[in-house]
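Residue numbers (our numbering), protein chains in the order written: chain A, 666 to 926; chain B, -7 to 271.
Cβ atoms here follow ideal geometry from the backbone N, Cα and C, with glycine treated the same way.
Predicted model only: the values in this text are computed from it and were never measured.
Data first, discussion second: the structure below is written as structure tokens.
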Amino acid sequence: MKLLRNAYLAIFAIYLIGPIFVITAVSFNAKKFLAFPPRGFSFRWYAEIFVDSGWFNSLISSLLIALTSATLAVLIALPIAYAVWKSGLRYAKALFSLGVAPFILPPVIMALAFLLLFSSIGMNGLMINVIIAHAMFLLALPLVTISLGLESVDRALLEAAQTMGADGKTVFRTVILPIAAPFAFAGFAFCFVLSLNEYIIALMTVGFTVETLPIKIFNALRYGYTPVIASIAVVFLLINVFVFSLIARFSNLSRILGAMD
Amino acid sequence: MTNNKSLPQYLTLIPSSVMIGIFFMIPFALILAASVAVQTPEGDFNYGFDLAHFERFLTWFYIERALFSAGICALIAALSLLIAFPFTYMLTRFNERAKTLWLIYILAQLSLSEVLIAFSWQVLFSRTAGIGNILEFVGIVEKSFAMAPSAGAVIAALVYLAVPFAILLLYPALSRMDRSLIEAARTLGTSTIGTFFKIVIPVNRSALVSSSVTIFVLTLGAIIVPQVLGKPEHWTLSVLITDQAIFNFNLPFASALAVVLLILSGSVVAAVMKFGGEK
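This is the structure in structure tokens:
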């Protein structure tokens, strides 16, 4: 029985990690073509990301878009989540549901919606378009994580603070903020990572003017592949692992994933 | 709650309301309006009321595409849950450290761009760097061969895309499951595998149903995998919408297809929830 279990776990791990392993091996190839097992060993495809101005510009645009849209999403989500938690306003609850909706819809629908909006008001291909679009698309994540954070604030703590004479602002700063901030950070981090990896909304909002990394990779795929893509896949995976480790370290991962109350 | 007390609350909600109004509700309404817009001879369109785009959908070519999309997404949902369920069950019983490390990796893979997943599987299915190569090396086949584009390649990559989601969707229910049920069954002499099928699966039935719906809708949104690993006959509705919007500049028809996609995912969610809710 134990043998069966371990065999299944081993196969599952190979299935999950195998493709990533092959890509990692390919990315260290010394030759221009893709080969596995790799021929020779070199870091040239990693250097290429930073040396080739095309790839480097894409990397910078993607990072810029991810950082600003994640910030914007958190700023939009904060007042909504706070109002739902603080007073349970029906209006705030409605806003909350509307804010979660774009994330549930198939992304191509939101992409098309943004394309229609920006083309009908004549804002074509500006970088701000994709920043707003990503913030709206990913708004659900900070909404949910910040709400989880606020729900974990013990109401007794608030009463204790108030009885000891703290005013509203002091309570917010000294009780609510320290407990909820790691969850807001988690929402920010989720947005950052998903924005960095997002393709279709970026394509339909700025695809012809700004080449984000996923767009550039897709375009490169159509003209035959290059090992640079493999090295970018590895870099992206490492960024993802790093960001989620931060969440696990400084926030409450199992709570965010819904495994505990 | 008195009015003068909640007024400041409403004021703090104004910026967020404006953002959601302008950048979600208006664009969403534009899709509905564009789907019935009137096409002008110059290839542009004016808002109006014309069902021509929906009539165009009602040809066998597009209906077949919609059925194909629904079928392949249902298959992916079933396969990915089948693969993920036993693992998630075991994951919940790992020690804290192993659990956290696995969850971090699964989240990292889940967030990896669909473009990169498609690329990885393109490499795996290629002639020079893929599974064919390994088979040649081991001696199972004489000469390495390319396995994509094919329906099998699309399915394999889509399942790979869906499995991390399946794990995270099942994870909450499985970690909260009442372990005493399993102990009781074991004490009464049920085998480990018997317990799994008679207790673990039935107890988590509603989580399985809702996860399958979520994965179905999620897979409907896949755009790159069918294009990169499939032939045009493997394209799903999402790919056709992108194709119409970006390469044919036919926004009204793309919008009509988007409305069809909305109705398709909405009705599947509703049907499965109703059917799955019955005991």
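Alpha carbon to alpha carbon, how far is isoleucine 207 of chain B from phenylalanine 706 of chain A? Position 215 of the second sequence, counting from 1, holds the residue named residue 207 of chain B. Position 41 of the first sequence, counting from 1, holds the residue named residue 706 of chain A. So the alpha carbons of these two residues sit roughly 39 Å apart.
Does the pairing of the segment 759 to 778 of chain A with the segment 5 to 23 of chain B give three or more beta-carbon distances under 8 Å? yes
Count the other CB atoms, across all protein chains shown, that sit within 10 Å of the CB of glutamate 134 of chain B; report buried if there are 16 or more and exposed otherwise. On the second sequence, residue 134 of chain B is found 142 positions in, with the first residue counted as 1. Counting Cβ neighbours within 10 Å, glutamate 134 of chain B comes out exposed, since fewer than 16 surround it.
List the whole-angstrom C-beta distance separating isoleucine 745 of chain A from serine 860 of chain A, where the pair is believed to meet the contact cut-off of C-beta under 8 Å. What you label residue 745 of chain A is simply residue 80 of the first sequence in a count that begins at 1. What you label residue 860 of chain A is simply residue 195 of the first sequence in a count that begins at 1. Not confirmed; about 19 Å, so no contact.
Contact set for phenylalanine 853 of chain A: own chain, Cβ-Cβ below 8 Å, skip 5 residues either direction: One-based indexing of the first sequence puts residue 853 of chain A at position 188. Result list for phenylalanine 853 of chain A: Ala735, Thr736, Ala738, Val739 and Pro807, in chain order.
So, does the CB of serine 812 of chain A fall closer than 8 Å to a CB anywhere in chain B? The residue given as residue 812 of chain A occupies position 147 in the first sequence. Proximity of serine 812 of chain A to chain B, defined by a Cβ-Cβ separation below 8 Å, is not satisfied.
Starting from valine 30 of chain B, follow its DSSP beta bridges and name the residues at the other end. Stepping through the second sequence from its first residue, residue 30 of chain B is reached at position 38. DSSP lists B:Asn38 as partners of valine 30 of chain B.
Can you name, in chain order, every residue of its own chain whose Cβ lies under 8 Å from the Cβ of valine 795 of chain A, other than the five neighbours on each side? Your numbering for residue 795 of chain A matches position 130 in the first sequence. For valine 795 of chain A, where only same-chain residues beyond five positions count, the Cβ hits under 8 Å are Ile730, Ser734, Ile866, Ala867, Thr870, Val871, Val875 and Thr877.
Establish whether the CB of valine 795 of chain A and some CB of chain B are separated by less than 8 Å. Taking the first residue of the first sequence as 1, we reach residue 795 of chain A at position 130. Cβ-Cβ to chain B under 8 Å: no for valine 795 of chain A.
Just to make sure I have the definition right: I need the residues of chain B whose C-beta is within less than 8 Å of the C-beta of phenylalanine 901 of chain A. Which are they? On the first sequence, residue 901 of chain A is found 236 positions in, with the first residue counted as 1. Leu104, Ser105 and Leu108, listed in chain order.
Taking the straight line between their C-alpha atoms, what separation do you get for valine 146 of chain B and valine 773 of chain A? Residue 146 of chain B sits at position 154 when you count from the first residue of the second sequence. Residue 773 of chain A sits at position 108 when you count from the first residue of the first sequence. Rounded to whole angstroms, valine 146 of chain B to valine 773 of chain A spans 19 Å at the Cα level.
Which of the three DSSP states, helix, strand or coil, is assigned to serine 204 of chain B? As a position in the second sequence, residue 204 of chain B is number 212, starting the count at 1. Helix at serine 204 of chain B.
For chain A, check one thing: does any of its Cβ atoms lie closer than 8 Å to the Cβ of serine 142 of chain B? Sequence index remark: in the second sequence, residue 142 of chain B carries index 150 (1-based). No, serine 142 of chain B lies away from the interface with chain A (no Cβ there is under 8 Å from its Cβ).
At 8 Å on the CB atoms, spell out the chain A contacts of threonine 184 of chain B, in chain order. Along the second sequence, read from residue 1 onward, the residue named residue 184 of chain B stands at position 192. Residues of chain A passing the Cβ test: Met666.
Under a three-way DSSP split, which group does arginine 85 of chain B fall into? For the purposes of this step, residue 85 of chain B is identified with residue 93 of the second sequence, where counting begins at 1. In the structure shown, arginine 85 of chain B sits in coil (DSSP, three-state: anything other than H, G, I, E or B).
What's the gap between the Cα of leucine 108 of chain B and the Cα of serine 118 of chain B? Start at 1 with the first residue of the second sequence, and residue 108 of chain B comes out as number 116. Start at 1 with the first residue of the second sequence, and residue 118 of chain B comes out as number 126. Rounded to whole angstroms, leucine 108 of chain B to serine 118 of chain B spans 15 Å at the Cα level.
Note down the Cα distance separating proline 847 of chain A from serine 817 of chain A, rounded to an integer number of angstroms. Taking the first residue of the first sequence as position 1, residue 847 of chain A is located at position 182. Taking the first residue of the first sequence as position 1, residue 817 of chain A is located at position 152. Their Cα atoms are separated by approximately 12 Å.
Nearest CA to the CA of serine 292 of chain B: which residue from A:Val765, A:Gly790, A:Leu724 and A:Val836? Because chain B in this structure spans residues -7 to 271, residue 292 of chain B falls outside the shown range and cannot be described.
Within a Cβ cutoff of 6 Å, which residues of the same chain sit near alanine 165 of chain B, ignoring the five residues on either side of it in sequence? Within the second sequence, the letter at position 173 stands for residue 165 of chain B. So the qualifying residues of the chain are Asn196 and Ala199.
Given that a residue counts as buried once 16 or more other Cβ atoms are within 10 Å of its Cβ, and exposed if not, what is lysine 834 of chain A? Numbered from its first residue, the first sequence carries residue 834 of chain A at position 169. It is exposed - the Cβ of lysine 834 of chain A has fewer than 16 other Cβ atoms within 10 Å.
From the beta carbon of threonine 4 of chain B, is the nearest beta carbon of chain A less than 8 Å away? Your numbering for residue 4 of chain B matches position 12 in the second sequence. Closer than 8 Å: yes.
With a threshold of 8 Å, are at least 3 pairs of Cβ atoms found where one atom belongs to the segment 671 to 683 of chain A and the other to the segment 65 to 84 of chain B? Three or more pairs of CB atoms, one per stretch, sit closer than 8 Å, so the segment 671 to 683 of chain A contacts the segment 65 to 84 of chain B.
For valine 908 of chain A and glycine 40 of chain B, what's the separation of their Cα atoms in angstroms? Residue numbering aside, residue 908 of chain A sits at position 243 when the first sequence is read from its first letter. Residue numbering aside, residue 40 of chain B sits at position 48 when the second sequence is read from its first letter. One C-alpha to the other measures close to 47 Å.
Hey, is methionine 82 of chain B's beta-carbon within less than 8 Å of any beta-carbon in chain A? Here the question's residue 82 of chain B lines up with position 90 in the second sequence. Yes, contact with chain A.
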